[in-house]
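Student: Protein chains in written order, with this note's numbering: chain X, 1 to 317; chain W, 1001 to 1317; chain B, 2001 to 2317; chain E, 3001 to 3317. Here it is, the structure, as structure tokens.
Protein chains: 4
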Amino acid sequence: MPEAMNIETVRALARKYRNWGRWGATDELGTVNFITPEKIAAAARLVRQGKVISLAIPFDQNGPQSGYGGRNNPLHFMLQDGGDVASGAQDFIAGLRYCDDAITMPLQCATQWDALAHIYFDGKMYNDRGPAEVTSSGARRNAITALKDKIVTRGVLLDIPRLKKKPWLAAGEAIYPADLDAAAAAAKVTIASGDIVLVRTGQMREVRERGSWGQYSGGPAPGLSLTCAAWLAEHEIAGYATDTWGTEVIPNETPDVFQPLHCVAIVNMGMLVGEIFTLEELADDCGADGVYEFLFVAPPLPITGAVGSPINPQAIK
Amino acid sequence: MPEAMNIETVRALARKYRNWGRWGATDELGTVNFITPEKIAAAARLVRQGKVISLAIPFDQNGPQSGYGGRNNPLHFMLQDGGDVASGAQDFIAGLRYCDDAITMPLQCATQWDALAHIYFDGKMYNDRGPAEVTSSGARRNAITALKDKIVTRGVLLDIPRLKKKPWLAAGEAIYPADLDAAAAAAKVTIASGDIVLVRTGQMREVRERGSWGQYSGGPAPGLSLTCAAWLAEHEIAGYATDTWGTEVIPNETPDVFQPLHCVAIVNMGMLVGEIFTLEELADDCGADGVYEFLFVAPPLPITGAVGSPINPQAIK
Amino acid sequence: MPEAMNIETVRALARKYRNWGRWGATDELGTVNFITPEKIAAAARLVRQGKVISLAIPFDQNGPQSGYGGRNNPLHFMLQDGGDVASGAQDFIAGLRYCDDAITMPLQCATQWDALAHIYFDGKMYNDRGPAEVTSSGARRNAITALKDKIVTRGVLLDIPRLKKKPWLAAGEAIYPADLDAAAAAAKVTIASGDIVLVRTGQMREVRERGSWGQYSGGPAPGLSLTCAAWLAEHEIAGYATDTWGTEVIPNETPDVFQPLHCVAIVNMGMLVGEIFTLEELADDCGADGVYEFLFVAPPLPITGAVGSPINPQAIK
Amino acid sequence: MPEAMNIETVRALARKYRNWGRWGATDELGTVNFITPEKIAAAARLVRQGKVISLAIPFDQNGPQSGYGGRNNPLHFMLQDGGDVASGAQDFIAGLRYCDDAITMPLQCATQWDALAHIYFDGKMYNDRGPAEVTSSGARRNAITALKDKIVTRGVLLDIPRLKKKPWLAAGEAIYPADLDAAAAAAKVTIASGDIVLVRTGQMREVRERGSWGQYSGGPAPGLSLTCAAWLAEHEIAGYATDTWGTEVIPNETPDVFQPLHCVAIVNMGMLVGEIFTLEELADDCGADGVYEFLFVAPPLPITGAVGSPINPQAIK
């Protein structure tokens, strides 16, 4: 258990691990820059079994959101459905009949990437940019579109509940750098530059066993301790994701900063952060075959000006 | 130029190439079943340069849709933006500041997969299912969710304008099986079971050079002739996609059936069909390095009950 | 307490009070036909104090809906906001600055009229029309647009809790014809042809005092007994509304028909039904001045094909 | 034709006719304060024929919007439709069957009121309020909700094309105070405090006869000259509306201020402004019976934080 932390701790970490300018003043990729062509090619060579596992939860009205801050669950509408096919409503079309649909959803409603324009700390987002870059018309800089062809690399699963020999971590239970190291050792993987690290807390399994989302969205949760900042930076990972709403331990360790690791990692490192991944099937599979590394492909939708994107991440082994 | 075709031609092709029951009465994958673990592993071995190309157009209000049939372009809304960060509207949050957003869009508005529940012919969709399976609440069968971990395979680009030595095919210009064979030969690839074939017509380049979508959505277009049905079936491809609104040549060759190849391929073969891909960067790249095959990863969003999905397909070389 | 009722009771009432054809085979107004020019002019003469009371609840995300059946609460988005004004994002406009907004909402999410295309019983809606009249593209007949200039008449408040000397009726407490008569007598009004009758149950007050909607949407509620059907028909009222989600007592009195009075009144009489009105301010005012009748103006939005409409009803005294 | 005007003209008019503080520092009603109880009662006495005319255009995807600035036309979705009724998809419900629907629309998409939070000039909106009052969460001050029970008064139609003996005014044709006076004289009405004045340009008739909206939204239009500012203020009208997109003559008379009358009237007078009214049926009726005054009831939907509202205004004679 680390000593007490507060906004000054966050600021010190922010300064220490700040990557602003590291890849140039116009950079909008941040740590995704660690993914090199060699890294991509090497990651593809991890595919041996021809097995694909989706890490996305269903996008529907039964999702985790409560509507807080305008984050509701997806609303799916049919523009044309089977009733129209059956009733003759489409008889003006020659031969063919069809169904069509639409969706209204927050981009952060379910399995998602945060864009670098998503988070601000001390008035700035990644690469020393101010909030005027994001208007009601969307983000002019650090939008998710910068990543449209960038999220192909090695993925590594760190299964913390398996390490701790429990079904899931408890709400409020922090994950420390030593846990990450121990999970990597147990998985027989060495975290390397350009990796995307998937940290399983097991909270998604808890939700499923309980049969309700409860306070999953924004409530107490297991997750990364702020003290993982150095670990994230020093391993030069391209990004990380968890099976929780916000990746960090909640209650947060800093009483005067909400989601402090977001402030350090996203804003200062320029790190790719993923949330609300489901890692259950992947964890079962990795546990069974002992292989915790895989080709990881998780392209965002290139929504102009977006500060996040719904995704369906693919782990390919 | 083939002889005159009509609804009976479509019905004959439908019967001849019908895959209903081929993979069992409960199958919802159709030709995606041709993608085997061996196919996936082999496709991954095509990744040598570590290069990734996105095949999605931007998702925004400048998209191709006209609103016809309720298909409007995406509407992107900010739930929180930089103005809120700057004005103090988020001062109730400790330390962190953020932007958040939402989208309203038809699932078929831009780069997309059609689900097998999208198209009906003679009262049925794929695998002998009737329209009652798709209500206002969505599709109970043949929804896009069935494909959430299935679209990883070899992709092949067939560049027809390059073959024809023209910048793009004209509206109404049909692509025939011999064209597909010639393009494959020129690309030095042999189409194989489980491939996803990307057929470039160049219409996206025409749109860009003209600076407006014009009648791209639903208007006259180059595309596959109905006579390609046999080619699609006999090569056992998993799916195909084009850089046009509807993949088929428009005006259609059958006066009494709109989009007849949809009726044969999607409804009867159970084929995966992709639309509104941008193949320009990929074509330039393949033309430059002479490599027209690649790992292709294009997961749909697992939207419950959806009959299509926006996608950001990744060609990885 | 009436004897046990079931679907045959509903069918008998439906036959007895059916108005199909009464105003012609093409009629889409139903009981609103009882509002004559003389009625409108007389209603206007009730305006003496120049007082206006709104009967609508706020349209926002704190509304009564739970998302059940796709009925979520309104989502309000800013297309341009003060942050854009302040940040210079609108500096491309000469001089003027502005804010703009948008909404996504079910038409039945808050204070509303049901259109005659909203409800079906034994396969039909009002005036012997079948469900094929309402496709995914909306209602071709009995849509809310028919009422765009029709909802101006005398309104009468029947305050049942005041009659019963209690703050509100309990969930499951039925209102019978004798209660309506007694409330009218206490209010010194005679219900007349063309009136719109507002029946207060007090449930909205209960909700406010409790500080949460609880099961307001679709849960147990006070409301009209099915035995009020004769009363509604014989008084030739143009419509009625309540301060509850569904106007009828829930649990319903018919185990085999949900909302049986809807089936009799809307489907067979062609009656205008309003829901989720707030009658608290009006009841306080009527209690204070002893005047329970007023000019009532509640135009729906003329949304093409809609089966309901959000409204802001005005009681003018 | 007045002499050349520019931003200094606008500022001078703004100062001269500014009502900030006139009704108190907390006022959010502006000129609607001119509507007194006596005014409302007198307006009701204008109802003699029992005739109601709706002044709203249809809300649907065929509306006037082009999508510019995020203003698209309404999207209407069915949550349940006749196909569901027919197919058995609702057989889980006892007896009753139903249709339900939803809408996505800009609040300024069709017939509408501008809220006082809609427009800013020289950094302020009505009553000396700054843009920080309107965040992505909506307007805290000057929202449309302030008017939820305030728009009941005398309406007066000023039919300018009738005065000018032409079917409609041309795009770019300005309406001057003398025109308003002449139209009032022709209509035998004296504009009085608290009136809402409906100024017909005939552009809606032009649109209908042409069969397309053309540049109706934001393009060249007939409308009020900036020189009408004094007329609007000195008559103490509560508000005005036109049958055009923006009420003002376009091209505007001030090269350095877009919609200058908005800046004077809405921002400084606090005036209620309505747009995209259809006045055709009303004009025909007034022409026929010679009565150009009526009870006017046009309640906004009380959408929390909204800067405008769709409306269906009712002219009642």
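Heads up, the beta-carbon is just placed ideally off N, CA and C, and yes, glycines get one too.
What runs of the beta strand (DSSP E), each 3 residues or longer, lie entirely inside the segment 9–64 of chain X?
Tutor: Whole beta strand (DSSP E) segments, 3+ residues: 52–54.
Student: Please give me, in chain order, every unbroken run of the beta strand (DSSP E) with length at least 3 that falls completely inside the segment 1175–1224 of chain W.
Tutor: For the segment 1175–1224 of chain W, whole beta strand (DSSP E) runs of length 3 or above, ordered along the chain, are 1196–1200.
Student: How far does the beta strand (DSSP E) with E:G3239 in it reach, from first residue to last?
Tutor: Element bounds for E:G3239: 3239–3242.
Student: Quick check: the Cα distance between B:S2193 and B:A2041, rounded to an integer number of angstroms?
Tutor: The C-alpha of B:S2193 lies about 14 Å from the C-alpha of B:A2041.
Student: Report the residues of the segment 49–74 of chain X with a CB closer than 8 Å to any CB of chain B, ordered along the chain.
Tutor: Only Q61, G67, G70, N72, N73 from the segment 49–74 of chain X bring a Cβ to less than 8 Å from some Cβ of chain B.
Student: Taking Cβ to Cβ, would you say X:Y126 is nearer than 7 Å to X:N142?
Tutor: yes
Student: Could you name each continuous alpha helix (DSSP H) segment of 4 residues or more that falls completely within the segment 3102–3170 of chain E, going from the start of the chain to the end?
Tutor: 3160–3164, all fully within the segment 3102–3170 of chain E.
Student: Return helix, strand or coil for B:V2264, following the three-state DSSP convention.
Tutor: In the structure shown, B:V2264 adopts helical secondary structure according to DSSP, grouped into three states.
Student: Closer than 8 Å by C-beta to B:R2216: which residues in its own chain qualify, once you throw out the five before and the five after it? Chain order, please.
Tutor: For clarity, residue 2216 of chain B is Tyr in the given sequence; the question names Arg instead. Excluding sequence neighbours, B:Y2216 sits near P2064, Q2203, V2207, T2244, W2245.
Student: Are the C-beta of W:G1194 and some C-beta of chain X separated by less than 7 Å?
Tutor: no
Student: Show which residues of chain X have a CB atom less than 8 Å away from the CB atom of B:G2088.
Tutor: A132
Student: Does the segment 3179–3195 of chain E come close enough to the segment 3151–3170 of chain E to have 3 or more Cβ pairs within less than 8 Å?
Tutor: yes
Student: I want to know whether the segment 1219–1234 of chain W touches the segment 2021–2035 of chain B - three or more CB-CB distances under 8 Å.
Tutor: no
Student: Since X:R71 sits in a beta bridge, which residues does DSSP pair it with?
Tutor: The partner list for X:R71 (beta bridge, DSSP) is empty, contrary to what the question assumes.
Student: Using a Cβ-Cβ distance cut-off of 7 Å, determine whether B:D2081 contacts chain X.
Tutor: yes
Student: What's the call for X:D159, buried or exposed, on a 16-neighbour Cβ count within 10 Å?
Tutor: buried
Student: I want to verify the contact list: residues of chain B whose CB lies under 7 Å from the CB of E:E3038, in sequence order.
Tutor: G2050
Student: So which of X:C286, X:S212, X:D256, X:Q49 has the shortest CA-CA distance to W:I1093?
Tutor: X:D256
Student: Using CA coordinates, which residue listed in W:E1234, W:T1227, W:H1118, W:Y1017 is at the minimum distance from W:S1309?
Tutor: W:H1118
Student: Between which residues of its own chain and W:W1168 is the CB-CB distance below 7 Å, once the five residues before and five after are set aside?
Tutor: P1161, T1201, G1202, Q1203, R1205, E1206
Student: According to DSSP, is B:D2084 part of a helix, a strand, or is it coil?
Tutor: helix
Student: Identify, in the order they occur along the chain, each residue of the same chain with its Cβ nearer than 6 Å to the Cβ of B:P2313, setting aside the five sequence neighbours on each side.
Tutor: L2055, A2298
Student: Beta-carbon of E:F3077 versus every beta-carbon of chain X: anything under 7 Å?
Tutor: yes
Student: Taking its Cβ as the centre, do 16 or more other Cβ atoms sit within 10 Å of B:E2248, making it buried, or is it exposed?
Tutor: buried
Student: Give the straight-line distance between the Cα atoms of B:Q2061 and E:N3072, rounded to the nearest whole angstrom.
Tutor: 22 Å
Student: Starting from E:E3275, trace the beta strand (DSSP E) in both directions and tell me its first and last residue.
Tutor: 3272–3275
Student: Which first and last residues belong to the beta strand (DSSP E) in which X:L381 is found?
Tutor: For chain X, the structure presents residues 1 to 317; residue 381 of chain X sits outside this window and is missing.
Student: Name, please, each residue of chain E whose Cβ falls closer than 8 Å to the Cβ of W:S1136.
Tutor: M3078, L3079, Q3080, D3081, G3083, D3084, A3089
Student: For E:T3111 versus E:I3250, is the C-beta distance shorter than 7 Å?
Tutor: no
Student: Can you tell me whether B:D2284 is helix, strand or coil according to DSSP?
Tutor: Judged by DSSP in its simplified three-state form, B:D2284 adopts helix.
Student: Anything in chain B within Cβ reach of X:T304, meaning under 9 Å, just list it in chain order.
Tutor: One finds nothing in chain B with a Cβ atom closer than 9 Å to the Cβ of X:T304; even the nearest lies about 15 Å away.
Student: Indicate the three-state DSSP secondary structure (helix, strand or coil) for E:E3234 in the structure shown.
Tutor: In this structure, E:E3234 counts as helix in the three-state DSSP scheme.
Student: Starting from the C-beta of X:N252, find all residues in its chain whose C-beta is less than 8 Å away, skip the five residues before and the five after it, and write them out in chain order.
Tutor: L226, F258, Q259, P260
Student: Does W:G1095 pass the burial test, meaning 16 or more other C-beta atoms within 10 Å, or should it be called exposed?
Tutor: buried
Student: For W:Y1120, would you say it is in contact with chain X, using Cβ-to-Cβ distances shorter than 7 Å as the test?
Tutor: yes
Student: For E:D3256, decide whether its Cβ has a neighbour in chain B, counting only Cβ atoms nearer than 7 Å.
Tutor: Under the Cβ criterion of 7 Å, E:D3256 is counted among the residues facing chain B.
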